[in-house]
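Notes follow once the structure below has been shown.
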Amino acid sequence: MRRFCSLLLCLALVLASALCLSGCHGSSDPTTSKELFVVGFSQVGSESDWRLANTKSMTETFTEDKGYELRLENAKQQQENQFSAIRNFMLEGVDCIVIAPTIEQGWENVLTEVKNAGIPVIILDRSVSVTDSDLFLSNFGSDFLKQGNKSVEWLESQVEGTVEEGDTLKILHLQGTYGATAQILRTKAIEVGVAKHSDWEFAGQLYGDFTEAKGYEVVSDFLRTNKDIDVLYSENDNMTFGAMRAFDDYGITYGEGGQVKIITFDATKKALQYCLEGKINLCAECNPLQGPGVEKLICDYRDGKEIPKHVYAEESIFTKDELTQEFVDGREY
Ligand code: GZL
Numbered sequence: 001m002r003r004f005c006s007l008l009l010c011l012a013l014v015l016a017s018a019l020c021l022s023g024c025h026g027s028s029d030p031t032t033s034k035e036l037f038v039v040g041f042s043q044v045g046s047e048s049d050w051r052l053a054n055t056k057s058m059t060e061t062f063t064e065d066k067g068y069e070l071r072l073e074n075a076k077q078q079q080e081n082q083f084s085a086i087r088n089f090m091l092e093g094v095d096c097i098v099i100a101p102t103i104e105q106g107w108e109n110v111l112t113e114v115k116n117a118g119i120p121v122i123i124l125d126r127s128v129s130v131t132d133s134d135l136f137l138s139n140f141g142s143d144f145l146k147q148g149n150k151s152v153e154w155l156e157s158q159v160e161g162t163v164e165e166g167d168t169l170k171i172l173h174l175q176g177t178y179g180a181t182a183q184i185l186r187t188k189a190i191e192v193g194v195a196k197h198s199d200w201e202f203a204g205q206l207y208g209d210f211t212e213a214k215g216y217e218v219v220s221d222f223l224r225t226n227k228d229i230d231v232l233y234s235e236n237d238n239m240t241f242g243a244m245r246a247f248d249d250y251g252i253t254y255g256e257g258g259q260v261k262i263i264t265f266d267a268t269k270k271a272l273q274y275c276l277e278g279k280i281n282l283c284a285e286c287n288p289l290q291g292p293g294v295e296k297l298i299c300d301y302r303d304g305k306e307i308p309k310h311v312y313a314e315e316s317i318f319t320k321d322e323l324t325q326e327f328v329d330g331r332e333y
């Protein structure tokens, strides 16, 4: 009997050390860990070039040869679809759930269910508004307020002393999905800027839902009755591309030397190319290449390391002066 217990103890020690050594399957030799680490990923949708690049970054990171199975669910920008996907992930018993939330509100119940199921959650890109921050491991995303503030500071530097006495700087504001962190904080930055400058005003604040089609639709409708615009502040590149088409329809010039200065967010390759060509004045970068950062959080979690509650991507703003064709051609998204 004693020999049997000793054997059991040895087996337990061997198993424990094997588990410690395996660490994160992403870094271990997949041939030694037959079991794949299953990641359930609830993605906002496929509304923009940024989103497609974000999804690509995740699918290229969580691959089977690195020991992962990625289960991707596209919510088509509907939060209810995310709730269904997340509850299915729970029933399937995934090892981790990654959520790119459509909007900030409404997450308490489903995240509490996931927590009670003992499944770790990482919030990606935007944020969730919950009272208990233990409902998720970490939020890997962007500092949207910083993006907005840097853009407003640039606008201040461009227009200071140029607005004639008694006139105002007329800003057309294209907003993304209402309630999304990117919309909330990019809107906050420009609204604070308008409140700070008595000679700035909104020509209009239009809902573009982060899509090119909606951006074209609402700006075209607006231009039917109002063409007195000095600045377009557009909360993502795809809405900007739609607005540019609408400006073209009405013969309104934009960019360098044009009637309308264009500020846009994401800094996708297409927007940077327009910036290099002088058609867009400022691109505020929002980095979608978040897969590797999410994998590191998962690896650290599985290795028992401390996980930061917020991780922000490094981002810049670009004008024509900072760009070269080589730089734009070399961009990943
Ligand atoms: C920003 C992201 C936004 C992008 C849009 O991190 O949430 O959603 O700016 C995308 O292009 O639709």
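All the letters of the sequence shown, read from the start, carry residue numbers 1 to 333 under this note's numbering.
Glycine included, every Cβ here is placed at the ideal spot set by N, Cα and C.
Proximity of the beta carbon of CYS286 to the ligand GZL is indicated: a heavy atom of the ligand is located closer than 6 Å. Counting along the chain, the unbroken alpha helix (DSSP H) around GLN325 starts and ends at 325-329.
The criterion of a C-beta distance shorter than 7 Å is satisfied by LEU137 and TYR301.
Taking the Cα of PRO308 as reference, the smallest distance to any Cα among ILE123, THR61 and VAL94 is reached at ILE123. In this model, GLN290 and VAL192 are separated by some 29 Å (Cα to Cα). According to DSSP, HIS197 shares a beta bridge with no other residue. Put simply, the backbone Cα of LEU111 is about 24 Å away from that of LEU36.
Less than 7 Å separates the beta-carbon of ALA243 from that of VAL219. Apart from the 5 residues on each side of it in sequence, SER142 sits with its Cβ closer than 8 Å to the Cβ of ASP125, ALA182, CYS286, ASN287, TYR312, ALA313 and GLU315 in its chain, given in chain order. In the three-state DSSP reduction, PHE41 falls in the strand class (E or B). As for any beta strand (DSSP E) of minimum length 3 sitting wholly inside the stretch 115-182, the runs are 121-125, 138-141 and 169-175, ordered along the chain. Each of LEU232, ALA100 and GLU156 was checked against the Cα of HIS197, and the nearest Cα belongs to GLU156. Taken through DSSP and simplified to helix, strand or coil, SER316 comes out as coil. Straight-line spacing of the CA atoms in GLY304 and GLY40 works out to 21 Å. Beta-bridge partners assigned by DSSP to GLN205: HIS173. Put simply, the backbone Cα of LEU272 is about 43 Å away from that of LEU91. Residues THR61 of the same chain have their beta carbon placed closer than 6 Å to that of PRO292, with the five preceding and five following residues left out of the count. With a cutoff of 7 Å on beta-carbon distance, ILE262 and LEU232 are scored as near each other.
For VAL218, no beta strand (DSSP E) run applies; the uninterrupted alpha helix (DSSP H) run containing it begins and ends at 212-223, by DSSP. Under the three-state reduction of DSSP, THR264 is assigned to strand. Take the alpha-carbon of VAL128 and the one of ALA189: they are about 19 Å apart.
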